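Undergrad: Dropping the structure in here first, questions after.
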Amino acid sequence: MKRTLLTVTLTTAAAAVAVTGASARLGARARPAKATPFKVKLHVTSEIVVHDGHPGTATSKTSTGDSLTLVATLSQGGKITGREDDYCVITAPGTGVCTSVDRFAHGAIVHTGAYSLNGSTFLDAITGGTGSYTGARGTVLAVFRTASTAIQTYQIGP
Numbered sequence: 004m005k006r007t008l009l010t011v012t013l014t015t016a017a018a019a020v021a022v023t024g025a026s027a028r029l030g031a032r033a034r035p036a037k038a039t040p041f042k043v044k045l046h047v048t049s050e051i052v053v054h055d056g057h058p059g060t061a062t063s064k065t066s067t068g069d070s071l072t073l074v075a076t077l078s079q080g081g082k083i084t085g086r087e088d089d090y091c092v093i094t095a096p097g098t099g100v101c102t103s104v105d106r107f108a109h110g111a112i113v114h115t116g117a118y119s120l121n122g123s124t125f126l127d128a129i130t131g132g133t134g135s136y137t138g139a140r141g142t143v144l145a146v147f148r149t150a151s152t153a154i155q156t157y158q159i160g161p
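So the sequence shown is residues 4 to 161, counted in my numbering.
Listed below in structure tokens is the structure:
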């Protein structure tokens, strides 16, 4: 009986070590590798504000509960490499919360942040991604140079 109990105990311990080791290896593969920050130029191609249920331009008066959609091209070295789609909800006068999906050839990056409608610098949290960016976390910093052009810096970490 003692020998059987010892065998069962050792077998259970070995299985636990094997499962823990496998989980650690799987976890390491599931996390995105630490990447060098990369930059893209964002150029807004479309903005629509829905105010009191009626579509208008981004220069239209906005109030709490209105929404803003934005479409932009993303480029590097003058070549278009992706597209950004934003959806924002105005949460207070001059302020909103936006979620953006940046689509590239090998996957998408999703980021979210609070915005001042009069601001020119925005820092978002990367909340996930698809393809090469599955499980991504980090930040996206957008610095607008004009009303329709920004430089976005992606800092993706493990």
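Ideal placement from N, C-alpha and C gives every residue a C-beta, glycine not left out. Keep in mind it's a predicted model, so treat the numbers as computed, not measured.
Would you call Phe41 buried or exposed, if buried means 16 or more other Cβ atoms sit within 10 Å of its Cβ?
TA: Counted from its first residue, the sequence shown places residue 41 at position 38. Counting Cβ neighbours within 10 Å, Phe41 comes out exposed, since fewer than 16 surround it.
Undergrad: Just grab the DSSP bridge partners of Arg148 for me.
TA: Locating residue 148 in the sequence shown gives position 145, counting from the first residue. None, per the DSSP bridge assignment.
Undergrad: For the beta strand (DSSP E) containing Ala139, list its first residue and its last residue.
TA: The residue labelled residue 139 in the question sits at position 136 within the sequence shown. Looking at the DSSP string, Ala139 is not in any beta strand (DSSP E), and its letter there is neither H nor E.
Undergrad: Excluding the five sequence neighbours on either side, which residues of its own chain have a C-beta within less than 8 angstroms of the C-beta of Thr124, listed in chain order?
TA: Taking the first residue of the sequence shown as position 1, residue 124 is located at position 121. Contacts found: Leu144, Ala145, Val146, Phe147.
Undergrad: When you compare the CB positions of Glu50 and Leu77, do they come within less than 8 angstroms of one another, or not?
TA: The residue given as residue 50 occupies position 47 in the sequence shown. The residue given as residue 77 occupies position 74 in the sequence shown. Cβ atoms of Glu50 and Leu77: not closer than 8 angstroms.
Undergrad: Along the chain, where does the beta strand (DSSP E) that runs through Ala75 open and close?
TA: As a first step, residue 75 is located in the sequence shown; it is residue number 72 there, counting from the start. That run of the beta strand (DSSP E) goes 70–79.
Undergrad: So what's Ser123 in DSSP terms, helix, strand or just coil?
TA: Reading the sequence shown from its first residue, position 120 is the one you call residue 123. Of the three classes helix, strand and coil, the one that applies to Ser123 here is coil, per DSSP.
Undergrad: Quick one, are the C-beta atoms of Ile129 and Thr142 less than 8 angstroms apart?
TA: Counting from 1 along the sequence shown, the entry for residue 129 is found at position 126. Counting from 1 along the sequence shown, the entry for residue 142 is found at position 139. Yes; because the gap between Cβ atoms is below 8 angstroms, this pair is in contact.
Undergrad: Residues bridged to Gly110 by DSSP?
TA: Taking the first residue of the sequence shown as 1, we reach residue 110 at position 107. DSSP output for Gly110 lists Phe107 as bridge partner(s).
Undergrad: If you follow the beta strand (DSSP E) that Gly85 is in, where does it begin and where does it stop?
TA: Reading the sequence shown from its first residue, position 82 is the one you call residue 85. Per DSSP, Gly85 belongs to the beta strand (DSSP E) from 82–95.
Undergrad: Is the beta carbon of Ala43 less than 8 angstroms from the beta carbon of Gly110?
TA: Residue mapping note: residue 43 aligns to position 40 of the sequence shown, counting from 1. Residue mapping note: residue 110 aligns to position 107 of the sequence shown, counting from 1. The amino acid at residue 43 is misidentified as Ala; the sequence shows Val. No.
Undergrad: Grouping DSSP H, G and I as helix and E and B as strand, with all else coil, what is Ser66?
TA: As a working note, residue 66 is residue 63 in the sequence shown. DSSP places Ser66 in coil when its eight states are reduced to three.
Undergrad: Since I believe Val100 is in contact with Ala117 (beta carbons under 8 angstroms), could you give me their beta-carbon distance rounded to a whole number of angstroms?
TA: Sequence index remark: in the sequence shown, residue 117 carries index 114 (1-based). Sequence index remark: in the sequence shown, residue 100 carries index 97 (1-based). With 8 angstroms as the limit, Ala117 and Val100 qualify as a contact, their Cβ atoms being about 5 angstroms apart.
Undergrad: Answer yes or no: do Asp69 and Val47 have a C-beta to C-beta separation smaller than 8 angstroms?
TA: For this step, residue 69 is matched to residue 66 along the sequence shown. For this step, residue 47 is matched to residue 44 along the sequence shown. Against a cut-off of 8 angstroms, the Cβ pair of Val47 and Asp69 comes out as no contact.
Undergrad: Pick from Ala108, Asp127, Glu87: whose alpha carbon is nearest that of Arg140?
TA: On the sequence shown, residue 140 is found 137 positions in, with the first residue counted as 1. It is Asp127.
Undergrad: Quick one: is Ser103 buried, meaning 16 or more other Cβ sit within 10 Å of its Cβ, or exposed?
TA: One-based indexing of the sequence shown puts residue 103 at position 100. Buried, since its Cβ has 16 or more Cβ neighbours within 10 Å.
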